[in-house]
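Protein chains in written order, with this note's numbering: chain A, 1 to 255; chain B, 1 to 400.
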C-alpha cells in the first residue's frame, strides 16, 4: 500500500477525530473477553513426573501424544528426517543410554519412554539463542517465540536431549485438523513443548497430563513441598536425563 | 581505482562470465529454497547443520589467515611480505562476506536475520561472532583501501592507519576463536566440546590460508606481469609447514584423548569419521583421503628440496588445502550431530540444490577476489613499470 503525504494527513486526522469521539477504528473490547474463565495456574517451578511403569502396561497408548499434538497443531510428517515432535516415545536405552548396560532386563531396555522438552533450570538453548526467541519464565517454563525465531538452529545444536524440532517446510498441509486455540507455524522456525503455557494461563493443566487416563504423567510445582510431584519424587527414586551436564532438567522418571 | 576492475582482456571476461553463470544457477536454487524451505537440503532433525555452516566455518579460517602476512609485515617489518600483504587482505574481505552469506543461506527465516541486531543477546556466541566478523570486515576494508591508495600515489601510508593495522592482528585471531566457541561451548555435542577446538581452527586456518595465497601467487605469475617475490613464497611455505604440523599434532591429541580415556561418547564420533558407526560410513572415504593428503603434504613440506621447488610446493599447497577442507568443510560440523542425543545415527549428505547454492556463494567470493586482485595488481603493475623505467633512466644517465 502506498499513500502520499496529503492522504496520510487526511487519514490521520480522521482517525484522531474518531478516537476523540469514542468511536475508535478498533473494536471495543469488554473486560470479560480478556479475563480468563478461570484464574491461571501459578507455580514457582513447574515440573513433570513420568511413571514409565504405567506406560509399559498400556503398550499402544498414545493419548498424551495425540492430545498434545492436536492442541498445538503439530503436523504429522511421515519423513523421519523432517518430523516435528513435541512429545513422543523412545526406548529406555536410548533415553538413558548412560544408564543402560549389556545385561539390562530386556523389557526395561526396550520400554517406551516419553520424552519432551525438559524445561531445564539451566537451559543451554536459551543461552545460545541470538535473538532471545527462546527464554525461561520465572515459573521455569522454557518458552519459544516462533514469530521472532530466525531459524538458525543454534538451539537445536545446543539441546542435549533432541527435544527441538525445526520446520523444514510449511507444516500446515500436514496438520490433520487445525485447532483454532493455538497458532500454526510457518516454515523455517524452531518449535518444542511449551508445558502448555497457553493452558496454564487459563487455569488448565497441560494437555498430555490431562489426556493420560492411567496416571502416568503428573504435572505440578516442584518448589511446593506439598505438591503431588514433590510427593512422587519423595516416595520414588527418580531418574533425570543427563543430569551430569548441569542443565537441571525438570522431567523426572519413575522406573 | 575501481575502474581497473572493469578493464580486462577476453580471458578475464570469460572467467567473470563463468562466475556470473554459477551465481545465477545458485540464485535459481536459492529461490526454490526460499519458497519451499530448507527441506530441499539434506539436513534433518538429527543433523540440523551441514554443508552451509561447514563452509562458513572454513571460510572464517581463510579470512583469519590474512594475519599471517599482516603480522610479519607490519609488526616485524618483514619486507618480503610487502607485495603479498594486500593480496592477503584482499582474500580476507571476500572471505568474511562469504561467511555472512553462508549464514544467511542457512537461515530458516532469512528475512528475520536482522533480529540478531534488533535483540542483541550477549550470552549468545552468534552475537559475538557477528560483531567479530563485521568488525574484521570493516578493519580490512579501511586498511586495504588506505594502504593501496598510498601505494598508488607512491607515498607512505598515513600514520593513523598503524594502530588500526595493529588492532586487526588480534582481531583476526578473535574471529576464528569466537567461531570455535560457537561449537566448543555446547555440552550437548561432545565432539565439539574440546578446549583445543579454537587452537585447531587457528592452526588449520594458518596453514590452509597461506597455502591458498601461495597458489594465488603462482596464478598471478602466470597471468600478469606482477612479481610478488620468491622470498615471500619461501616464507609463506614455512608458515604453511609449521601450521600444518601443529594442526595434525592437535588432531592426534584429540584422537589420543578420546581413545585412551575410552569414553564411548568421545570415541563414537571418531569411530564414525574414520571407521563408520552402526554401518553408517558416508564420511569414511573422505576422512582417509584427508589423512593421506595431510601425510603427503607434510612429506613434501618438511623436506627442504621439495618445499623450495615451486612445482612440488604448489602440489603440497593443494594437498594442504584439500585435506583441511575435507576435515573442516565436510567432517567437523556433521560429526558433531552423529550420533544424535538419543544415540541413533542419521547420516547427512548435501543435496544438488545445496551444493549449487554453495558453489554460487563461492563464485561470488571468487568474483570479488578477482575484482579486488585486478585493482591491486593494476596498481602494483603500474608501480613496478614506473620503478623499472626509473631504474633504466638512472642506468642510462649514470652510464653516459
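Using N, Cα and C, we set each Cβ at its ideal position, and we do this for glycine too.
These numbers were taken from a predicted model, which means no experiment stands behind them.
Specify, as a first and last residue, the run of the alpha helix (DSSP H) that residue i falls within.
i, result
"residue 314 of chain B", "310-326"
"residue 162 of chain B", "161-184"
"residue 57 of chain B", "51-64"
"residue 129 of chain B", "125-152"
"residue 36 of chain B", "10-36"
"residue 76 of chain A", "Element bounds for residue 76 of chain A: n/a, residue is neither H nor E."
"residue 149 of chain A", "It is not in any alpha helix (DSSP H) - residue 149 of chain A carries neither H nor E in the DSSP assignment."
"residue 230 of chain B", "230-261"
"residue 85 of chain B", "85-106"
"residue 221 of chain B", "197-223"
"residue 158 of chain A", "154-158"
"residue 205 of chain A", "Run containing residue 205 of chain A: none; DSSP gives neither H nor E here."
"residue 178 of chain A", "Per DSSP, residue 178 of chain A belongs to no alpha helix (DSSP H) and is neither H nor E."
"residue 273 of chain B", "264-274"
"residue 125 of chain A", "124-128"
"residue 408 of chain B", "This structure cannot settle anything about residue 408 of chain B, because the visible part of chain B is limited to 1 through 400."
"residue 106 of chain A", "106-109"
"residue 67 of chain B", "67-70"
Can you name the start and end residues of the beta strand (DSSP E) that residue i belongs to?
i, result
"residue 95 of chain A", "First-last for residue 95 of chain A: 92-95, but that is the alpha helix (DSSP H), not the beta strand (DSSP E)."
"residue 144 of chain A", "142-144"
"residue 114 of chain A", "112-116"
"residue 253 of chain A", "251-254"
"residue 49 of chain A", "46-51"
"residue 136 of chain A", "134-136"
Taking just the CA atoms, how far does residue j sit from residue i?
i, j, result
"residue 54 of chain A", "residue 293 of chain B", "56 Å"
"residue 265 of chain B", "residue 73 of chain A", "35 Å"
"residue 303 of chain B", "residue 296 of chain B", "11 Å"
"residue 173 of chain B", "residue 67 of chain B", "8 Å"
"residue 306 of chain A", "residue 187 of chain A", "Missing from the structure shown is residue 306 of chain A; chain A here goes from 1 to 255 and no further."
"residue 220 of chain A", "residue 194 of chain A", "14 Å"
"residue 254 of chain B", "residue 19 of chain B", "39 Å"
"residue 179 of chain A", "residue 172 of chain A", "11 Å"
"residue 183 of chain B", "residue 163 of chain A", "19 Å"
"residue 191 of chain A", "residue 319 of chain B", "42 Å"
"residue 246 of chain A", "residue 119 of chain A", "13 Å"
"residue 37 of chain B", "residue 350 of chain B", "15 Å"
"residue 383 of chain B", "residue 154 of chain B", "8 Å"
"residue 85 of chain A", "residue 57 of chain B", "30 Å"
"residue 24 of chain A", "residue 122 of chain B", "Note that residue 24 of chain A has pLDDT 45, beneath the 50 cutoff, so the model's placement of it is unreliable and no number is given."
"residue 166 of chain A", "residue 45 of chain B", "7 Å"
"residue 206 of chain A", "residue 110 of chain B", "33 Å"
"residue 43 of chain A", "residue 231 of chain A", "16 Å"
"residue 149 of chain A", "residue 235 of chain B", "47 Å"
"residue 298 of chain B", "residue 387 of chain B", "39 Å"
"residue 176 of chain A", "residue 79 of chain A", "16 Å"
"residue 243 of chain B", "residue 197 of chain B", "15 Å"
"residue 181 of chain B", "residue 389 of chain B", "52 Å"
"residue 40 of chain B", "residue 216 of chain A", "39 Å"
"residue 376 of chain B", "residue 345 of chain B", "49 Å"
"residue 391 of chain B", "residue 381 of chain B", "15 Å"
"residue 141 of chain A", "residue 208 of chain A", "15 Å"
"residue 3 of chain B", "residue 371 of chain B", "10 Å"
"residue 241 of chain A", "residue 122 of chain A", "13 Å"
"residue 243 of chain A", "residue 32 of chain B", "42 Å"
Mind reading off the beta-carbon distance from residue i to residue j? Whole number of angstroms is fine, and I expect it under 8 Å.
i, j, result
"residue 99 of chain A", "residue 239 of chain A", "7 Å"
"residue 237 of chain B", "residue 301 of chain B", "7 Å"
"residue 232 of chain B", "residue 317 of chain B", "Contact doesn't hold; Cβ gap of about 14 Å is too wide."
"residue 169 of chain B", "residue 75 of chain B", "7 Å"
"residue 357 of chain B", "residue 30 of chain B", "5 Å"
"residue 362 of chain B", "residue 90 of chain B", "Contact flag wrong, Cβ pair sits at about 16 Å."
"residue 189 of chain A", "residue 146 of chain A", "5 Å"
"residue 42 of chain B", "residue 70 of chain B", "Rounded, the Cβ-Cβ distance is 37 Å, inconsistent with contact."
When you measure from the CB of residue i to every non-hydrogen atom of the ligand ZN, does any distance come out below 7 Å?
i, result
"residue 209 of chain B", "With respect to small molecules bound, the structure shown includes none, and the ligand ZN cannot be examined in it."
Does the region 46-65 of chain B come into contact with the region 336-347 of chain B, if we say contact requires no fewer than three beta-carbon pairs (one atom in each stretch) closer than 8 Å? These segments touch.
Can you list the alpha helix (DSSP H) stretches of 4 or more residues lying completely in the region 278-310 of chain B, in chain order? Runs found: 284-302, 304-307.
Three or more C-beta pairs under 8 Å: does that hold for the region 108-122 of chain B against the region 157-173 of chain B? When C-beta atoms of the region 108-122 of chain B are compared with those of the region 157-173 of chain B, fewer than three pairs fall below 8 Å, so the two segments do not count as touching.
In chain order, which beta strand (DSSP E) runs of at least 3 residues are fully inside the region 214-254 of chain A? For the region 214-254 of chain A, whole beta strand (DSSP E) runs of length 3 or above, ordered along the chain, are 217-221, 251-254.
With a threshold of 8 Å, are at least 3 pairs of Cβ atoms found where one atom belongs to the region 212-219 of chain A and the other to the region 53-72 of chain A? Yes, they touch.
Counting beta carbon pairs with one atom in the region 176-191 of chain B and one in the region 140-160 of chain A, are three or more of them shorter than 8 Å? Between the region 140-160 of chain A and the region 176-191 of chain B there are three or more C-beta pairs closer than 8 Å, enough to call the two in contact.
With three or more beta-carbon pairs closer than 8 Å as the criterion, would you say the region 101-114 of chain A touches the region 73-88 of chain B? Under the 8 Å Cβ criterion, the region 101-114 of chain A does not count as touching the region 73-88 of chain B, having fewer than three qualifying pairs.
How about the region 268-283 of chain B and the region 119-137 of chain B: do they share at least three Cβ pairs that are nearer than 8 Å? The region 268-283 of chain B is not in contact with the region 119-137 of chain B.
Kindly confirm or deny that the region 279-292 of chain B and the region 10-25 of chain B touch, where touching means at least three C-beta pairs closer than 8 Å. By the Cβ test, the region 279-292 of chain B is not in contact with the region 10-25 of chain B, since fewer than three Cβ pairs between them sit closer than 8 Å.
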